[in-house]
Structure formats: structure tokens, C-alpha cells
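Enquirer:
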Amino acid sequence: MYSVGLTGGIASGKSTVADLFAKQGVTIIDADVIAREVILPGESAYDSIVAYFGNNIVGNDQLIDRAKLRQIIFNNPEKRIWLEKLLHPVIRHRMIACSLKASSPYCIHVIPLLIETLPHPEINRILVVDVSVETQIKRLKIRDNLDKDMIENMLQAQISRKERLAHADDIIVNEGDLVTLADAVEKLHEKYLRLARG
Ligand SMILES: Nc1ncnc2c1ncn2[C@@H]1O[C@H](COP(=O)(O)OP(=O)(O)O)[C@@H](O)[C@H]1O
Ligand SMILES: [Mg+2]
Numbered sequence: 401m402y403s404v405g406l407t408g409g410i411a412s413g414k415s416t417v418a419d420l421f422a423k424q425g426v427t428i429i430d431a432d433v434i435a436r437e438v439i440l441p442g443e444s445a446y447d448s449i450v451a452y453f454g455n456n457i458v459g460n461d462q463l464i465d466r467a468k469l470r471q472i473i474f475n476n477p478e479k480r481i482w483l484e485k486l487l488h489p490v491i492r493h494r495m496i497a498c499s500l501k502a503s504s505p506y507c508i509h510v511i512p513l514l515i516e517t518l519p520h521p522e523i524n525r526i527l528v529v530d531v532s533v534e535t536q537i538k539r540l541k542i543r544d545n546l547d548k549d550m551i552e553n554m555l556q557a558q559i560s561r562k563e564r565l566a567h568a569d570d571i572i573v574n575e576g577d578l579v580t581l582a583d584a585v586e587k588l589h590e591k592y593l594r595l596a597r598g
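With the working numbering as the guide, the letters of the sequence shown map in order to residues 401 to 598.
This is how it looks when you write it as C-alpha cells:
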């Protein structure tokens with residue numbers, strides 16, 4: 401299965417771009433969606449996380465409180481790395497399994513931390529959604545209503561824009577409106593169809 405890895409900084413527009421590819425009929429495999437699935441009760445990662453972080457990470461609904469978890473790991477690199485080491489292989493394995501079942505000519509893996517977690521042998525090509533830090537902060541504020549400290553922490557936890565772009569095979573600059581974005585996706589879709597055909 402020809403696989404395009406879609407990445408970009410937080411609030412750069414990855415989900416928006418993925419939706420546009422989905423409208424073209426492309427199968428989207430989203431690491432964030434899979435990451436939520438693998439920590440559900442009954443999954444192996446659930447027990448490991450509760451054992452490591454303690455019962456206070458579990459809500460009344462027995463689900464792992466993701467907001468609480470996020471808060472803890474953004475203030476504690478050691479715990480963040482522990483969690484990443486646990487989850488990344490599990491998530492990757494499940495994403496590959498999904499792509500093998502996909503029926504579209506190629507598929508898109510949405511992986512926010514794609515560059516941070518290289519190498520990715522399952523990915524044929526890297527597509528980066530790029531925005532300025534100013535646009536990123538503006539859209540992040542609107543979407544998530546986060547405070548300034550949280551936003552700074554989130555941005556600092558990610559690699560720089562420059563470093564991400566250095567790994568890109570394709571770049572979508574998402575500074576324009578949604579029509580411009582849809583045009584860029586359509587062009588890339590044609591290109592990926594050709595590449596997938598070989
Ligand atoms: N071209 C655009 N113009 C205006 N708003 C946009 C544009 N692209 C994305 N957004 C908005 O910015 C926010 C972040 O986009 P999103 O796709 O959720 O980013 P990501 O998935 O990379 O975190 C969302 O609220 C989205 O609707
Ligand atoms: Mg998203």
C-alpha cells in the first residue's frame with residue numbers, strides 16, 4: 401500500500417487537510433484516533449498506563465483522562481518519553497494493519513510526530529502542512545482555548561518548523577483560505593495517484 405505521511409505542527413491544519421483528502425476518496429489513518437483507541441479499557445496499554453501514572457489518571461467512567469495525562473507529560477519529559485515508548489510501537493503496528501485493509505489507491509497516515517519518530521519505513525512520502533508560528537498560535541487559541549503557558553509548552557515539545565520542512569517531500573502552505581487549501585490537496589491527490597500506480 402502506497403502511504404503518504406501527513407504531518408505538521410499543532411494546529412497547522414493536518415486534520416483539515418486529511419478531511420479534504422478523504423473527500424477525494426483516500427483512506428485516512430489518523431495516529432491521534434488510533435492513540436485514543438489503544439488506551440481504552442481492555443487494551444494492553446491501558447493497564448500499563450494506570451500502573452505507571454496511578455489510579456488518579458482514571459475518571460469515573462473508567463476511561464483514562466487524556467487531558468490529565470497530557471497535563472502531566474507536558475510538564476515531565478521523563479514521563480512523556482515513557483508514554484511515547486509504550487504507545488508508539490502499538491500505534492504504528494495498528495496503523496500498518498489499517499493501511500493493509502484500505503481499499504483506496506493509496507492511503508494517508510496522519511502522524512503529528514512523524515519527524516520526531518523517524519524512521520518510518522511504512523511511509524513512502526512525507527507531506528508537511530506548513531504555517532507560520534503566528535498563524536499556528538492564532539488558530540490554536542481559537543480552536544482549543546488554551547492559556548499562553550500551555551501553548552508555549554506544546555510548541556516547545558515539537559521540533560522546529562525548519563527541521564520539519566527539511567524532511568518534507570511535499571509541502572502545503574496553509575496560510576490562505578479553505579478554497580486555496582482544497583486546490584492544493586487536489587493537485588497533490590493527482591500526483592499521489594500517479595505515484596501509487598508506479
Ligand atoms: N486555511 C485555513 N483557514 C482558516 N482556518 C483554518 C485553516 N486551516 C485550518 N483552520 C482551522 O485551524 C484550526 C487548526 O486546524 P486543524 O486541521 O485542526 O489542525 P491540526 O489537525 O494540524 O492540529 C482548526 O480550527 C481549523 O478549522
Ligand atoms: Mg488534528
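Heads up, the beta-carbon is just placed ideally off N, CA and C, and yes, glycines get one too.
Using the C-alpha atoms, what's the distance from L469 back to G454?
Expert: Those two C-alpha atoms are separated by around 11 angstroms.
Enquirer: Per DSSP, which residues does L406 bridge with? Please list them.
Expert: For L406, which the question treats as bridged, DSSP gives the partners V510, L527.
Enquirer: Whose C-alpha, out of I491, L595, V529, E552, is nearest the C-alpha of L420?
Expert: The option with the nearest alpha carbon to L420 is V529.
Enquirer: Is A411 near ligand 1, judged by its Cβ being under 6 angstroms from some heavy atom?
Expert: Yes, the Cβ of A411 comes within 6 angstroms of a heavy atom of ligand 1.
Enquirer: How about K414: is its Cβ closer than 6 angstroms to a heavy atom in ligand 1?
Expert: Checking the Cβ of K414 against ligand 1 gives yes.
Enquirer: Measuring CA to CA, which of S403, V450, A445, R436 is closest to I428?
Expert: For I428, the nearest C-alpha among the options comes from S403.
Enquirer: Tell me the rounded alpha-carbon separation between I410 and N460.
Expert: Cα to Cα, I410 sits roughly 29 angstroms from N460.
Enquirer: Just to confirm before moving on: does the CB-CB distance between N599 and G413 stay below 7 angstroms?
Expert: Residue 599 is absent from the structure shown; the chain starts at 401 and stops at 598.
Enquirer: Under the criterion of a Cβ to heavy atom distance below 6 angstroms, does R539 qualify as lining ligand 1?
Expert: Yes, since a heavy atom of ligand 1 falls inside the 6 angstroms radius drawn around the Cβ of R539.
Enquirer: If you draw a straight line from the C-alpha of C507 to the C-alpha of M401, how long is it?
Expert: In a straight line, the C-alpha of C507 is about 7 angstroms away from that of M401.
Enquirer: Give the range of the beta strand (DSSP E) segment to which I572 is assigned.
Expert: It spans 570-573 - the beta strand (DSSP E) in which I572 sits, taken as one unbroken run.
Enquirer: Take the Cβ of H509 as the centre, count every other Cβ of all protein chains shown within 10 Å, and call the residue buried at 16 or more, exposed below.
Expert: Burial call: buried.
Enquirer: Let me know the beta strand (DSSP E) ranges lying completely inside the segment 521-567, each 3 residues or longer, listed in chain order.
Expert: Segments of the beta strand (DSSP E) lying fully in the segment 521-567: 525-530.
Enquirer: Using 8 angstroms as the Cβ pair cut-off and three pairs as the minimum, do the segment 584-593 and the segment 536-554 touch?
Expert: Because the criterion of three Cβ pairs below 8 angstroms is not met, the segment 584-593 and the segment 536-554 do not touch.
Enquirer: One question on the structure: do G569 and R597 come within less than 7 angstroms of each other, judged by their Cβ atoms?
Expert: Going by the sequence as given, residue 569 is Asp instead of Gly. No, the pair does not count as a contact, with Cβ atoms beyond the cut-off.
Enquirer: Under 7 angstroms Cβ to Cβ from G425, same chain only, skipping five residues before and after it: list those, please.
Expert: The residues are S504.
Enquirer: Answer yes or no: do G576 and I511 have a C-beta to C-beta separation smaller than 7 angstroms?
Expert: Not in contact: G576 and I511 (Cβ atoms no closer than 7 angstroms).
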